[in-house]
Each structure stands twice: as C-alpha cells, then as structure tokens.
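What follows is a short report on a single structure.
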Amino acid sequence: MIYTKIFLSLGLVAPILAQSNYTFPDGFDLNQVESTTKSGWCRGQLNNCPQVCGGSSKVNRCDRETLEFTCTCSNGTEANVEEYLDTIPFYVCLENYKQCISHSTTQDGDDECTAGKDKCGSKNASAPTTTSSSPSSSTTLSSETSGSSNGDQTGNDATATDSSDSSTPTDGAMSLMQNYGLAGFATVVVAAFTLL
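Taken in order, the sequence shown gives residues -18 to -1, 1 to 178; the numbers are from mature numbering (1 follows the signal peptide of the UniProt record, and there is no 0).
See the structure below:
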C-alpha cells in the first residue's frame, strides 16, 4: 500500500522536476528584469510552446520569478524553443543585448553585444505547421517565488489557455480540460490517498 503512494507521488512530482536544459547567457542579470516583464515573457513562452510542438504540448510550465520553463511535446520530446520568437530564450537574448550595450564602453564591446543579439531566435512559432491529434496540454504559469525549493506549486499556479482564432465544437471541452484538468486530477489523487 505504501508503494502505491510512493509511485503516485513520483508521478505527480516528475513533470515538475523535468525542467528545460536552457541556461542564461554569461553576464545576464535576472534581477534587472521587472516582475511584470517576466510575467509577460512567461505568457509568450506558454503561448508558443504548443505551436513549437506542432500544435500540442504535454508539459508547458514557466515560473514568473526564475524564468525556469518546461516545454515537452506530446510525443515526450523537449522542444527546442531557442530558435523561436516570443520564448524565454528569445526575451532573455534581447534583454542580455540591452544589458550588454549599457555596460559596453567601446565599439568592440558594442560589436560583441550585437553578435550575441544576432543569435536570438527568429522563427515564428505560429507559422503554419502540421497539427497533432493528441490530447490537450497542461499549460501552467507559476507564481512561485524563487525562495521556494521544494518544487510544490499547488495553489500557486495560474493557467493560461491557447488563444486560437478557429473555433470548433470541441474547443469548449478542450478549454475546460486545459483549465481544470490538473485540478481535477489532483483532487482524484488526494481522494485516492485518503481512501488508502
């Protein structure tokens, strides 16, 4: 019986622990970025992850304080979002350029900063791609502060929904699953633990 609880707990924690392999560039100072700006960056990341994955993602998270994000496609692979506009790597790249220029005192320094900016993502994630028929993704914007180290985001998550222009009869059901799927699943798991 205790093994069941352990396996269920691991199943809930594993997606939270599966963070992106992205690291900030040298010299980038996250403390210079305002919290409202970081929130906007996370919204962009969350909106573009499913598009980068071809229409559907399995795990889509972004922490507004640390900018740690996870973008796992429905086939289980981690999406390479660094090539795309309006993703955390894109925003960080532009901000790093801004910070670099503000500290540069020579033309050579400016040229180095510009060379870094030229590496910022340039692909449009919302460009037409083949869509996947897999289930809807879980998209989560975390409001957890960077001081928390236990990874527990229960009660601190805000969910963002995909804002597609096309409307089909299943859009309502998909939207409900995106918004309330994790909460419903968590409720079932808590109820199961209570019964055990």
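We treat Cβ as the ideally placed atom computed from N, Cα and C, and that holds for glycine.
- According to the DSSP secondary-structure assignment, residue 54 is paired through a beta bridge with 41, 60.
- Of all alpha-carbon atoms in 24, 43, 82, the one lying nearest the alpha-carbon of residue 8 is that of 82.
- Where residue 94 is concerned, the enclosing alpha helix (DSSP H) starts and stops at 89 to 99.
- Boundaries of the alpha helix (DSSP H) around residue 84: 70 to 85.
- With fewer than 16 other CB atoms across the displayed protein chains lying within 10 angstroms of its CB, residue 97 is exposed.
- The distance from the Cβ of residue 67 to that of residue 103 is about 6 Å, consistent with a contact at the 8 Å cut-off.
- Contact check for residue 65 against residue 40 fails: the beta carbons are separated by 8 Å or more.
- Relative to the Cα of residue 47, the nearest Cα in the group 93, 99, 24 belongs to 24.
- When the alpha-carbon of residue 61 is set against those of 32, 86, 92, the nearest one is in 32.
- The secondary-structure analysis by DSSP pairs residue 105 across a beta bridge with 66.
- Residue 26 is not a Cβ neighbour of residue 54, given a cutoff of 8 Å.
- Residue 28 is classed as buried because its beta carbon has at least 16 other beta carbons within 10 Å across all chains shown.
- Taking C-beta atoms as the reference points, residue 86 and residue 95 count as a pair closer than 8 Å.
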